[in-house]
Structure formats: C-alpha cells, structure tokens
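Trainee: Protein chains in written order, with my numbering: chain S, 2 to 255; chain Y, 9 to 378; chain G, -1 to 233; chain L, -10 to 279; chain A, 13 to 306.
Pasting a structure here, questions to come.
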Amino acid sequence: MLRVEQVTKRFGGLTAVDHITLNVGDTGITGLIGPNGSGKTTLFHMITGFYTLDRGRIYFQDRCISGRPPHTISRQGMVRTFQHTRVLPFMTAMDNLLSAAPDQAGERLCSVFFRPGRIRREEEAHRERAKEILEFVHLTPLSHQLAGRLSFGQQKLLEIGRVLMARPRMILLDEPTAGINPTLIRHLVNILRGLTARGIRIFLIEHNMPLVAEICEKVFVMDSGRLIFSGLPAEARQDARVIEAYLGREDRAA
Amino acid sequence: MKKMIFLLLGLGVLFCWSPGMAESDEITVGAVTPLTGKLAVYGEGFQQAMLLALDQVNARGGIHGKPMKIAFEDNNSTSKGSVSAIQKLITIHKFPVIFGPAASSNFLAVCPIAQQNRVILIGAESAASAITRCGSYVFRVFPSDRLQGKGVAELALDLGYKEVVLTYVNNDWGVGLADVFKEVFLKNGGRLLDEFAHDEGKTDYRSEVLRIKKNDPEAVVNLTYIKEGATVLKQAYENGVDVQWLMGSASKSPKLVALAGGAAEGVIGTYPTFSQQTPQYRAFKAAWDRKYPGKKLPIFGEYNYDMVKLTARALKAAESMSPEDIRTALMEVSKGYRGVTGDKTFDANGDVGAAYGRWTVKQGGITDYP
Amino acid sequence: MLLEVDQLTAGYGPVTVLHQICLELWDHEMVCIIGPNGAGKSTVLRAVSGQLMPRAGRVMLEGRDVTRQGLREKAAKGLIFIPQGENIFPNLTVLENLEMAGTMLQDKGILHQAVERVWAAFPMIQEKEHDPARSLSGGQRQILALSRILMLLPRVALLDEPSLGLAPLVVDFIFEEIAKMNQTGISFLLVEQNARKGLFVSHRGYVLELGRNRLTGTGQDLLNNPEVQRLYLGG
Amino acid sequence: MAYYAQLVLNGVIAGSIYALFAVGLTLVYGVFRFINFAHGELIAWGAYLVLLFALPPISLPLYLALIPAIAGTVLIGVAQDRFVYRHLLQGHRITLLIASIGVSYFLRNTLRLIWGSDLMTYGIRPVRGIQFAGLSITPTQLLMAGTAVLFLVILFVLLTRTLLGKSLRAVADNMELAAVMGVPMQRVRVTVWVLAALFAGVGGFLLALDTNLEPAMGMTNMIKSFAAVLLGGAGNVWGALLGGLFIGMAENIGVAFFSPGYKDFISFALIFLLLILRPQGIFGVLTGMR
Amino acid sequence: MDYLLHILIVALIYAVFAMSLNLELGYAGLYNFGHVAFFGIGAYTSALLSLAGLPVPLGMACAMVAAGMAGALLCVPALRLTGDFFGIATLVFAEMVRLFFLNERWLTKGPMGLPGIPRPSWVGTGIAAMPMFLVLCLLLTVSVFLLVRWVAVSPFGRALKVVREDEYVAQALGKNVFSLKTRAVVAGSVLAGLAGSLWAHYITYISPGDFTLNETILVLLCVVLGGKGTNWGPVLGAFAVVFFQEALRFLPIPADLGRLIAPLQGMVYGLALILIMLQRPEGVISEYRRSRVC
C-alpha cells in the first residue's frame, strides 16, 4: 500500500534519513522502531508531506505522493497523528471530530451561501458518524467538553478518533502510547485491533517493545537514519544489529 | 461583562449630560477648531484671536444686551473629527452659526453638512477654491487660493524670475495653490525647471533640497507650511543652496524664523494683505498686546478676529436668530465692512476679495517687502 | 553519600513522567541510568539538576536538602548538568563557549586556569579556539560540552546522552574521556541510550521503565541480566 | 555626478542612524523573539527628554542634558519590560506585538500630552555645510555618522570582549542552555533593554539635532529601521548596519527618480519584498554577530 | 437627534469594519494590521465610481469586489509569512496603499480628497437622509452580522478555527491551509470594502488622511476589546469605542486644556490595548465562556 523508495533527508551536515526503502501495508499493523534520533519521526514527516525529500520517491496506493503538500496526501487516505498530542484545545471534542470529516462541501465558502440544504444534510451525517466514533473511543460523555480540558489519555483517544473521522485507508501513529497508563494502553490496543478488522492499515512508531511485539505483524528498525532490519517482531529481538542499536556493541562492551 | 455594562452606563450618563446648552440669556455660536492633531499649532492662535474679538463684543454690550459666547469643538485636525464635531454643534446645540475648521480638506468635509442643515458656516483660513462652490450658507473671510496662487506667480514674474523650481507641501492647501500658481505662471511666460511635492511633517528634506540644487535655479517657489518650510530652508542653507525663496502666506510667521534661524533671511512671500496703518489694525494690535502680553500675533489671527466681529454685527442686525435671517444680515452688514484685514464684502458665493502684499524676512524679523 | 534522590515525582503540565524515583550516588562513583525510550531518564536529570521543579520527593546533596534550589544554586554547590543534543552555543566561538561554561566562576584568573585545563586535555578544540562552535564536528561539539566539567570541577556531573548522534569510534573516545574525569574524583550520573556502553563504564546502573525504578545493580550484573534485554526489545 | 554622490552621502548618514535604531530592534528580537513596536517611542523620548533638560527651567547645555535624558530613556525601556513584556513572554508572540503597539501608542500620546504636536527644535543655528570635493556635509551630520560608528564599535567590543556581552549572545543563541549554565538571565534581559534604549535614545537625539523633533518621529524611523533589520537578517548586528545604510541610500536616491511623495513608499516596498522573498532569512537570528 | 443618529451610523460602520477584521483575526488567527487598506480601497472605489455617475449600490458592489481582489493580491505573497511577520507585512501594505492614494492625483485627487460623494438616491439628501442612512447601515450591519455568524458556525468557519489553532493538524486533516486563509482574507477584505464604501457615502468626503495606522489601531481595539472570535464582541467593541470617543466631547474641559484631550484619548487607547493583553487577552466577551460552564 505504501512504498518508500531510496528516501533521503539531510539537515545541514546530518543525514537524518539515509536511503530508506520500505514497503508497508500488506499486513494490518506495522511498527517502526529504533533508538532516539534514529530518524523515525523524520521519515513520518516525509511520508505525510511535512518535509520535502532530498532524494527518493514515495508511493501510496501506487500513486507517487512525494512532493505533494500534506493536505493532498491526507485527502488520499493517509492520515497521521503527532508525537505530542495535538488536539484543538479550544474546540469541543465533537468539533474536533467534525473538523476532520473529509471533503466537506461546507468548507467551500460558496456552498455555505448557495447550498445550505446540502450542507445541513452533510453535517447531520458527519455528526452521526462523529457520535459513533466517540462511542467507539469511549468519549461520548465528553463530546461537548473543550478538548483542552480532557485528560492526557483522553486527548490521545480523541486524536485517534479524529483520524478515524477522516476515513483513512492507512493511519500513521507517532508514539500513540507515550505517557498514558497501562489500562488505557489496553484500551488503545483494542481500538487499533478494531481498526485493522475494518481493513485500515496502521503504521506506527512505538517505544513500548512488549506492545510492539504483541500487536505488530511486521517491524522496521531504524538506526542512525538507516533501515537495519525488517521482518517479524520476534526475529527483530534476536537480530544482532537490532540488539546492537539498542544496547550497544557487544564486542566493545564485553 | 458586568464591568462592561457599568462602563457603558457611565458613558451613557456622560453622554446625556451635556453642559453648555444654548440658553436664552446668551447668544452662542459654535466653532470647529483644530485644538489637537497636526494643526493644533495653529488652532490655539485661532482660538485666542476669536476670544479677543469676543471680549470686545461683550464689553460693548454683547448682542442686544445678551453676552455672546463661542462653543469650541475640537476636530483632531481630521475630516472625520470635523464631521463629528459639526454634527454635535448642529444637532445637540442647534447653533445657527458655526465657525468652520481650518485646512480646506476639513472644511470641505463639513460644508455639505452645514449647507444641508441650513446652518451658516464661516471659515477664517480655508483657502481652497472649491469652497466657493460649497453653497449659499457657506462664507469665508479669507480670500480664495485662486487669488493667492496668482499673487505668488505675479511675485515671481515681477522679481524677474522666469525659470523657477516649484515645490509644495503634499496636502490640499499646497496642491491647490500650486495648481493655480502653475496655471498663471506658465501662461505668463514662466518656465518650471522642476516640480515636486514634499511630504507633510517630515524632518528630513535633504534629498528634495538636492533635487532643487541639481536644477540650480535662481529662485524656488516653496508653497508650504511653517514646519516644513523651516526645515527645507535650514537644510537648503546647510547644503549651500543659495536661491531666492518665494513662499506663500502659510509660512509667514515668526516661528519660521525661530525654526530656520538665519536660513530664513531674505525669503520673500506673498500674503493676503491689509494695511497695518489702518485704525482697525492698530486697535486690534493694541488689544492683542493687552490681552496676551508678550505673545506674538498668530498666523491668520486677524481673520479669525474679523470673522467674530463681523458675525457679531450680523447677529445684532438680524431680525431673529434663525439662520436665514442671520444669513441675510450677514450679507447686508458685510457690504463695505472694513475689518482688520480690509474689505470684507461677501460676493454671491460668500467669498471676499483681497489685496496681496509681500513679506520678507529681514534681520530675523518679518517685515513687508518694499 | 554524595547524592540521594528520594521518592522523586515530576512531570510536564498534565503528564506525570516520574513516579517516586529513588537513586543514590556515592563519591567517585559513576552511575548510569538506562531504560527504553520514554522511561523518563532525561527527566530524572532535569528534576535533579533543578531545571524542572519536582512535584514531590527530595534531592539531597552531601546530606543537605537541595530539592527546591535552582540550577545556579546547585551548580554553586558542585552539581552541574550537561543537557543532551544542542548543548553548545553555535554562534559563539569555542573560547567564548568555554567562558560561558565557566560563567559561574567569579574570578578571571580562575577562569583562565580552567580554560588552560581544557586546552591541555583537548588540544584539538584549542586549534579551533576562535572559530564559531558551529564549525566543529559532532564529536568536537560533545567534547566542548564536556569541557564544562573540566572547568568547573564539580562534585557531581549529570550527563544526558553523551553518545547521541555520534559515530561508534567517537562514542568510545567520549566515554574514555568521561572515565578519565571520573578517575580524578568527579562523580557522574549518566543517562545513556547505548546501554552496554553506559553500563560498561559505570560502577552501577539503574534501569527505569515508564518513569519507575525497575532494576538496579552493578554494571556487569545488569549487562548480563536478560530482563534488561527484554525491557528494551520486548518479548 | 556630484548630485548623486551627495545623495549617496546623505543616504549613508541617514542610514547610519537607521542602523543605530535597527541594532536595538535586532537585539530585542534576538533575545525575546518579538518585534518591539514601541522601539520608535524610545527614539522620540530620547530626543524629547534632551529638550526637557536643555530648556528652562533646567537649562543644561545640550551635551550635559544628554546624560539624564538617556538615563530617562533607558528607564522607559526597562519599564516597558518590567511592566508589560515580562508578563507576556510565556504567551503568544502576537499578544506581545499587540501589547507593544499599545505601549507605542501610549508613549507617543504621552509625549503629545506633555509637549504638544508642534514641531520643536533644539535651536541650533544652521551652519553652512563643509564643502569637500563638491560634497557638502554639516558638522551635525559628521557628528551623527561619527557617533553611530562609535556606538557600533562600542557594541562590538561589548558583545565580543565582555562576559556580559557574550552572555547576551549566548542567551540569544540558546536560552535554555544559557540558563542551565547559570548565565544570569535577569541581568542579560535588563542589559538588552538598556542597550536598545541607549541606542534608540542617542539616535533620537542625533536625529533631532540634525532636523527637528515631533512626536511621530520615532514611529516612521522605527518602521524603516525594521526594514534594515530584515535586510540584514534579523538579529545580525552587522547586517543591521549594512541594511540601514542601504535603506538610507535607497530612499535618498529614490527621490531623484520618483516623486518625493513616494520617499517612504520605497522603504515600505523594500520591507514588503524582503518579507516575501526571504521569510526564512528572518530567522537567522544573531548569526554573524562577531 | 441627528447627532445621535450620526454616532449610531458611525458605530454601525465601525461594527461592520470590526466584524470584517474579526473574520481574519478572530476566526482565522491572521493578524492583519493593515486592514484599513481595504477600508480605504472600498471607500475610494465606491466614491470614484459614484462620482463618475454610477448608481451608488453598484459602486458599493464594485467597492467590495475591488477590496476583495486587493485582499487576494495581498494574500499571494503575504500568507507565506506567519504571525507577527504577516502583521508587519500587512501594516506596510496599508501604508503603501495610503501613499498611493496621496500621490496618484490623476485618480484620487491626492490630498485634495474627494468631496461631494453622493448618497444612494432613495436615501435622499440633506438632513432628511440621516434616518434613512441609519436604516441602510442597520440593514447592512445586521446582514453582515448574520452572514459572519452563519459563516462562523458553518464547516468553513470550523475549518478556519482549526487553521487558527494548529496549522499542522489542519494540514494533516487534509485542509488546504493557504486556500482557507486566502478565502478568510478575501471575505474580510470584501466586508471591509463595504464598510469603507458606507463610510465614503456617509461622510461624503474622503481624503488619504482618513486611512492611517490610527484607524487600524482603533478597529483592532474594537475587536480585541469586544472579544475576538465571537459574534457580538466586535460589535460591542465598536460601539464602546465610538461612544467613548464621542462621550469625551461632553466632558467639561476648559478651552485652553482642549489640546490635551486627543493625547489623553490616545493614551487611554494604548493603555486599553496593554491592559487587555495583560489581563484579558480574549476580550470582554470570551469565545470559550459558554463551554466553560459545562
């Protein structure tokens, strides 16, 4: 579904992402792991169009998306979250969701004035969907609360709900479990599983290794901007290069 | 929110409580005067001259025994402020006569309002020729630009300057005057080496001065205000531009010399003149010195003085305090009226004629040019 | 005991990152904090150094409570913090960077001596004395950042990920230098992602997981502990 | 030819004053990351305070009046920070900008309240310019250029030779790290305001000495200095110097080709173009301060 | 009574002006400090066209179109800037527009200004026109108010808020940020053009001096005082500011102290801006008040 080919990004003298080639989406949940500063988030930024590429191409559903602005990539069905939760704090949870509905006629100023009926119907439908999603992420009682007043974990859920609202084919999650408690993590895992059951592909950056091992069918491991491993999570644990990337080199340390 | 409501209420109370309403035992006229903003420099002088005339009117028994008063309303030197001010004077106080604001742009903004409300508007220092067409309720005791522009052109030609550089302040007064000057000057065989406007209120005119210097003229016609004029003169002097400066009436002020110092020496200008030998002028000067000892005569002070005196005369002569009657009386009493600034007979458009005199700066003082 | 961290709780905004962390650091000791990403390692150093005010718990330096003291006060008492990543001033020259590092030294003479110490230890950055620090290589930048320890000669240095973004050979060099400084009597509390490396040079180690103490022990013990590997890689 | 040379010379001198103002703007921007709209009012206050101390009842000679006047300007600069900006630094930069517009409006009108809107002057007699190779320059202009150079040199020495100056650059470079290293932040921020106000005050005095005083004198000059700041790259002191010179020359030479009514238009258009062509360059803060 | 009508008309025109700025500043988070430029463009377009003999309503429509086009023109370069730099660029743009009015005498008569701008024929002329003009202003203000509110609660308004709150999120959610902002600025400019043309036809005389930075500050004050991002805020702010200005006329101030009023007024405005920023950056009416209750 998502193909990344020979992608490179440099910041000054530092090569943050170095000739990465990977293929995501033939399985439900794919993980991207690696130590701090290995270029995972940079890669995400490039896939979603927030960073330009120095080299390489990216294909999504066999269409080249590299060089496209973020909003067109998002409209093609690849929606992301951010490393630090970014809900819209001064809008209600409901509005947070509604604003994510894709391709709204009401966002064109002309239709606001000239096709009010259609917009009302459309809004109605979005509202219904938003209610379902709120139910799905267990936020229904908070739908009219300002998003900024939700707890950290609730904001995470809201963010995932917002991504869902956009009717994605693939979602990119940047550290979805960072900073939330174990109960909520279980809840989140269930939600993610539910999504894959609906056929939505998930590509996530995650540091919680047991979790990655549990839910990911495939992982990519990055270190210093390079792809050092791709395969099953269980294999990754055995892989010398991965261990080295995480723990340091055996020969020097022993 | 509560605070806001209180604030609004407070404002409302202030608003409804309007002091100085015209009471029957005194006769009040309104005045829109630039007490703030960029023309405030002149506004205070206008006000003092008007108050001087008022004192004299009241000392002689006012209007049929009732004292005359002037209600000053500030216009912040803007047209917007002028409109607000005159609206207040007309509709709250219902004054039949209003002295209009200085600067033609402000005057032009208010004159349709006065005309439509049938309230008499009198200007003491607005020169734009467009004012002539303002309407039957609009008068001015100051001569139109047409006369002054012609005057400067004649001055230049009389002094033998056929080729000059023309510069003028980039506002209504400067542009209007410059247009008339150009018309007359060119028609009579003059030639402009260069012509450009300079911005109002700047402090650095060096590049403009250099532009003058480049053309190396014998004379420069500089139609501008005091501040701008003084700065241009000073910076021209510093840059070694030695030309004959020809200026208009708006620069004729001791303040020009104070600001420009020696650089103002030798400037020749025109101004709508009136003899300073007349008894009217001497009386005015003496009265001024008594009331404001040590203060120099303000620019256009005489016109403001005349305006008030003439108005008082008309109020006395009017059959009633309705604007129509006052208007008739005004036309009547102005016939052959000789004020400090000469003959103030209104023509059909409410304009007055004028003789133009010439002034010059000599040894740090402003005197008549022989 | 030189430094004792007792039941430290800290976080940012609504998020609590550290939950009742306890640490000890003895004289001349080098202690390494390891743990997977998001374990709160850097936050420990921020909270101990005074950059981040802890919500609860105590920080004791040489038996005195310094929990509520700021960076400057703690630095004056001999506890300094070297943050990770952008830890030099790129537009200042190398020398000026050192002067800033020694900004707490009141006396010009002492400052001069301190700079001399750095030059003696790291001649390679002396060569670039008057170049802007942005022209240094990654390893040189890290050395420049570490020079602060040499200048101030503190009792305790808190060091956050000195190996971040460096090539393996350079990492070895940096750790050698840290070990040398340790031998002169400076105690180190080190946060390291490169667990083997960190534990190898350290006397003892603490393993954090999700903001809580998980394991502790000597470097060797932890290195051989399968639990550590599990923490990092799951399974 | 001499005409254009003279325009360039005048431009250079006007530009050196713009540079003085631009340095202050750039310092504040470099450390606090906001555009202090009220910088112009420091310029005007500097000039007017000299007048206050030079006129009766105090009647100090100009050069002596300068001392308390500059002290007063510095006080205003520090007070701006103390009473307004400090409380807003945590918030949005726009809040700061609006607040600084408010401060600017407040200070300018206070000036009007005290001295009126009228043009004022120190009453220096006009002197013939010194003629040199067909160029003319007045002693005041010489003094302006000289003072500007002197102050910029002093700034250079301060920023590169003193610990305080280096701390200032360090804070501009990386505020968090500077705090970790124990750089006295309070002293640095006060220093920034003192320097900004000092340069604005001295520049304002020179400007008034050369021309006249009026309440809006700071406003127009501040906008032009901002053009200089952008031209040189925000935060770059030497860039600000070059930018100031360029703006000064551009608007002076422009008069030869355009109507003088468009004099300000030239620098405004330049700002507009620069903002649009180099929006990235704006963030090159304090680079090349050496 | 006409005086009260006058104040009401001015306040209504300012309310339209403030609402147009609020569309950009409150909803889209664009700090346009040069909004007076569009007010001026509207005023001049309408005045010039109706002086040339075009019916007034047609002139007003053209004014809105012209202001909108100018807004679009400004967007192309300026929207690449963020936050305060956008503010400075717009501020500079407004000054450039004013200098254009001042210097292009063939078109605008420069500093002479344009006198005798006609009022709509059905409104009538002279003193009788005032109540009718008030009705016109009231009608337009109410329509603009409803229009802005309609837009604000529409998905378009919601999308603008997303852009204001977090541009990155907006992009990640498939919003074309540039296009949304452009539409906000164009819509704001069109309404500012309407306010400007109303102004021109009301005052019947305009000159470049009417469109300075002071006007921008005044309308900015209206918006932030009333409460940005709210429907009623700008209207309330406009009325408060206009009434405050006029109320000053009634203070019994001795004639020789008269020159102190304008600076004092300016000081109050400046201080108001500072205090609002310090104490209540969201203005008198808070956008979030209602949600805070629940």
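Cβ coordinates follow ideal geometry from the N, Cα and C atoms, glycine included.
Which word fits S/Gly195, buried or exposed, when buried means at least 16 other C-beta atoms lie within 10 angstroms of its C-beta?
Mentor: In the first sequence, residue 195 of chain S corresponds to position 194, counting from 1. Classification for S/Gly195: exposed.
Trainee: Grab me the residues of S/Arg70's own chain with a C-beta within less than 7 Å of its C-beta, minus the 5 sequence neighbours each way, in chain order.
Mentor: Locating residue 70 of chain S in the first sequence gives position 69, counting from the first residue. At residue 70 of chain S the sequence reads Pro, which differs from the Arg that was named. Answer for S/Pro70: Gly50, listed in chain order.
Trainee: Who are G/Phe79's beta bridge partners in DSSP?
Mentor: The sequence position of residue 79 of chain G within the third sequence is 81, counting from 1. In DSSP, G/Phe79 forms a bridge with G/Leu156.
Trainee: Can you list the beta strand (DSSP E) stretches of 3 or more residues lying completely in the region 68 to 137 of chain L, in chain order?
Mentor: Segments of the beta strand (DSSP E) lying fully in the region 68 to 137 of chain L: 119 to 121 and 124 to 126.
Trainee: Taking the Cβ atom as the reference point for each residue, do A/Ala84 and A/Ala101 lie within a distance shorter than 8 Å?
Mentor: The residue you call residue 84 of chain A lines up with position 72 of the fifth sequence. The residue you call residue 101 of chain A lines up with position 89 of the fifth sequence. Their beta carbons are not under 8 Å apart, which means A/Ala84 does not touch A/Ala101 by this criterion.
Trainee: Please classify G/Tyr10 as buried or exposed, where buried requires at least 16 other C-beta atoms within 10 Å of its C-beta.
Mentor: One-based indexing of the third sequence puts residue 10 of chain G at position 12. So G/Tyr10 ends up on the exposed side.
Trainee: Quick one: does A/Leu24 have its CB under 8 Å from some CB of chain Y?
Mentor: Position 12 of the fifth sequence holds residue 24 of chain A. No, A/Leu24 lies away from the interface with chain Y (no Cβ there is under 8 Å from its Cβ).
Trainee: Looking only at C-alpha atoms, which of L/Ile90, L/Pro115 and L/Asn241 sits nearest to Y/Arg214?
Mentor: Locating residue 214 of chain Y in the second sequence gives position 206, counting from the first residue. The residue with the shortest Cα to Cα distance from Y/Arg214 is L/Asn241.
Trainee: Would you tell me roughly how many angstroms separate the C-alpha atoms of Y/Ala268 and L/Tyr111, rounded to the nearest one?
Mentor: Start at 1 with the first residue of the second sequence, and residue 268 of chain Y comes out as number 260. Start at 1 with the first residue of the fourth sequence, and residue 111 of chain L comes out as number 122. Their Cα atoms are separated by approximately 11 Å.
Trainee: With a Cβ-Cβ cutoff of 8 Å, do S/Glu218 and S/Ile30 count as a contact?
Mentor: Translated into the one-based positions of the first sequence, residue 218 of chain S becomes position 217. Translated into the one-based positions of the first sequence, residue 30 of chain S becomes position 29. Yes, Cβ-Cβ distance for S/Glu218 and S/Ile30 is below 8 Å.
Trainee: Throw me the rounded Cβ distance for the G/Phe87 and G/Met98 pair, which I believe falls under 8 Å.
Mentor: Position 89 of the third sequence, counting from 1, holds the residue named residue 87 of chain G. Position 100 of the third sequence, counting from 1, holds the residue named residue 98 of chain G. At roughly 6 Å, the Cβ-Cβ gap stays under 8 Å, so G/Phe87 and G/Met98 are in contact.
Trainee: Please confirm whether S/Lys157 and S/Thr73 have their CB atoms less than 8 Å apart.
Mentor: As a first step, residue 157 of chain S is located in the first sequence; it is residue number 156 there, counting from the start. As a first step, residue 73 of chain S is located in the first sequence; it is residue number 72 there, counting from the start. Cβ atoms of S/Lys157 and S/Thr73: not closer than 8 Å.
Trainee: Can you give me, in chain order, the residues of the region 6 to 38 of chain S that have a beta carbon less than 8 Å from any beta carbon in chain G?
Mentor: The residues in question are Leu15, Pro36, Asn37 and Gly38.
Trainee: A/Ile215 to Y/Pro104, Cα distance in whole Å?
Mentor: Position 203 of the fifth sequence, counting from 1, holds the residue named residue 215 of chain A. Position 96 of the second sequence, counting from 1, holds the residue named residue 104 of chain Y. A/Ile215 and Y/Pro104: Cα-Cα distance of roughly 21 Å.
Trainee: For a quick check, are the C-beta atoms of S/Thr82 and S/Leu174 less than 8 Å apart?
Mentor: Along the first sequence, read from residue 1 onward, the residue named residue 82 of chain S stands at position 81. Along the first sequence, read from residue 1 onward, the residue named residue 174 of chain S stands at position 173. Cβ distance < 8 Å, so S/Thr82 and S/Leu174 count as in contact.
Trainee: Per DSSP, what kind of secondary structure is Y/Cys142 in: helix, strand or coil?
Mentor: Taking the first residue of the second sequence as position 1, residue 142 of chain Y is located at position 134. Coil.
Trainee: Would Y/Gly53 pass as an interface residue toward chain A - the criterion being a Cβ-Cβ separation below 8 Å?
Mentor: Stepping through the second sequence from its first residue, residue 53 of chain Y is reached at position 45. By this cut-off, Y/Gly53 is not an interface position.
Trainee: Give a yes or no on contact between the region 115 to 131 of chain A and the region 57 to 68 of chain A, applying the rule of three or more CB pairs nearer than 8 Å.
Mentor: Touching, per the Cβ criterion.
Trainee: If we define contact as Cβ-Cβ less than 8 Å, is A/Asp222 a contact residue for chain S?
Mentor: By one-based count along the fifth sequence, residue 222 of chain A stands at place 210. Not an interface residue.
Trainee: With DSSP as the reference, label S/Leu173 as helix, strand or coil.
Mentor: In the first sequence, counting from the first residue as 1, residue 173 of chain S sits at position 172. If DSSP states are grouped into helix, strand and coil, S/Leu173 belongs with the strands.
Trainee: For a cutoff of 8 Å on Cβ pairs, would you count A/His47 as touching chain Y?
Mentor: Here residue 47 of chain A refers to the residue found at position 35 of the fifth sequence. By this cut-off, A/His47 is not an interface position.
Trainee: Once you ignore the five residues that flank G/Phe171 on each side, which residues in its own chain have a CB closer than 8 Å to its CB?
Mentor: Counting from 1 along the third sequence, the entry for residue 171 of chain G is found at position 173. So the list reads Gly137, once near-sequence residues are dropped.
Trainee: Is the shortest distance between the beta-carbon of A/Met289 and the beta-carbons of chain D less than 8 Å?
Mentor: In the displayed structure, chain D is absent; the protein chains listed are S, Y, G, L and A.
Trainee: Exposed or buried, which one is G/Thr182 when buried takes at least 16 other CB atoms within 10 Å?
Mentor: By 1-based counting over the third sequence, the position of residue 182 of chain G is 184. Classification of G/Thr182: exposed, given that the 10 Å Cβ count is below 16.
Trainee: Starting from the beta carbon of Y/Tyr245, find every residue of chain L whose beta carbon is closer than 8 Å, and list them in chain order.
Mentor: Residue 245 of chain Y sits at position 237 when you count from the first residue of the second sequence. Within 8 Å Cβ-Cβ: Pro115 and Arg117.
Trainee: Do you know whose CA, among G/Gly215, G/Glu159, G/Gln227 and G/Leu148, lies nearest G/Gln191's CA?
Mentor: Here residue 191 of chain G refers to the residue found at position 193 when the third sequence is read from its first residue. It is G/Glu159 whose Cα lies nearest to the Cα of G/Gln191.
Trainee: With a threshold of 8 Å between beta-carbons, can L/Asn98 be considered close to chain Y, or not?
Mentor: One-based indexing of the fourth sequence puts residue 98 of chain L at position 109. No, L/Asn98 lies away from the interface with chain Y (no Cβ there is under 8 Å from its Cβ).
Trainee: Report the rounded CA-to-CA distance for Y/Cys119 versus Y/Glu191, giving the unit in angstroms.
Mentor: Residue mapping note: residue 119 of chain Y aligns to position 111 of the second sequence, counting from 1. Residue mapping note: residue 191 of chain Y aligns to position 183 of the second sequence, counting from 1. C-alpha separation (whole angstroms): 27 Å.
Trainee: Pull up the distance between the alpha-carbon of Y/Val369 and that of Y/Lys299, whole angstroms please.
Mentor: Counted from its first residue, the second sequence places residue 369 of chain Y at position 361. Counted from its first residue, the second sequence places residue 299 of chain Y at position 291. Straight-line Cα distance between these residues: approximately 27 Å.
Trainee: Using a Cβ-Cβ distance cut-off of 8 Å, determine whether L/Val244 contacts chain Y.
Mentor: The residue labelled residue 244 of chain L in the question sits at position 255 within the fourth sequence. Chain Y, which has a Cβ nearer than 8 Å to the Cβ of L/Val244, makes this yes.
Trainee: Any C-beta of chain L sitting closer than 8 Å to the C-beta of A/Phe97?
Mentor: For this step, residue 97 of chain A is matched to residue 85 along the fifth sequence. Yes - at least one Cβ of chain L is within 8 Å of the one on A/Phe97.
Trainee: Between which two residues does the beta strand (DSSP E) harbouring G/Asn211 extend?
Mentor: Here residue 211 of chain G is taken as the residue at index 213 of the third sequence, counted from 1. From DSSP, the beta strand (DSSP E) with G/Asn211 extends over Arg210 to Thr216.
Trainee: So the candidates are Y/His72, Y/Ile94 and Y/Ile78; which of them puts its Cα closest to the Cα of A/Glu258?
Mentor: Locating residue 258 of chain A in the fifth sequence gives position 246, counting from the first residue. Measuring from the Cα of A/Glu258, the nearest candidate turns out to be Y/Ile94.
Trainee: Can you tell me whether S/Leu23 is helix, strand or coil according to DSSP?
Mentor: Working through the first sequence from its first residue, we reach residue 23 of chain S at position 22. It is a strand residue.
Trainee: So does the region 33 to 53 of chain L actually touch the region 247 to 265 of chain L, counting three or more Cβ pairs closer than 8 Å?
Mentor: The region 33 to 53 of chain L is not in contact with the region 247 to 265 of chain L.
Trainee: Among residues of its own chain, excluding the 5 on either side of Y/Leu241, which ones have a beta-carbon nearer than 6 Å to its beta-carbon?
Mentor: Start at 1 with the first residue of the second sequence, and residue 241 of chain Y comes out as number 233. Here the set comprises Ala268, Ala271 and Ala272.
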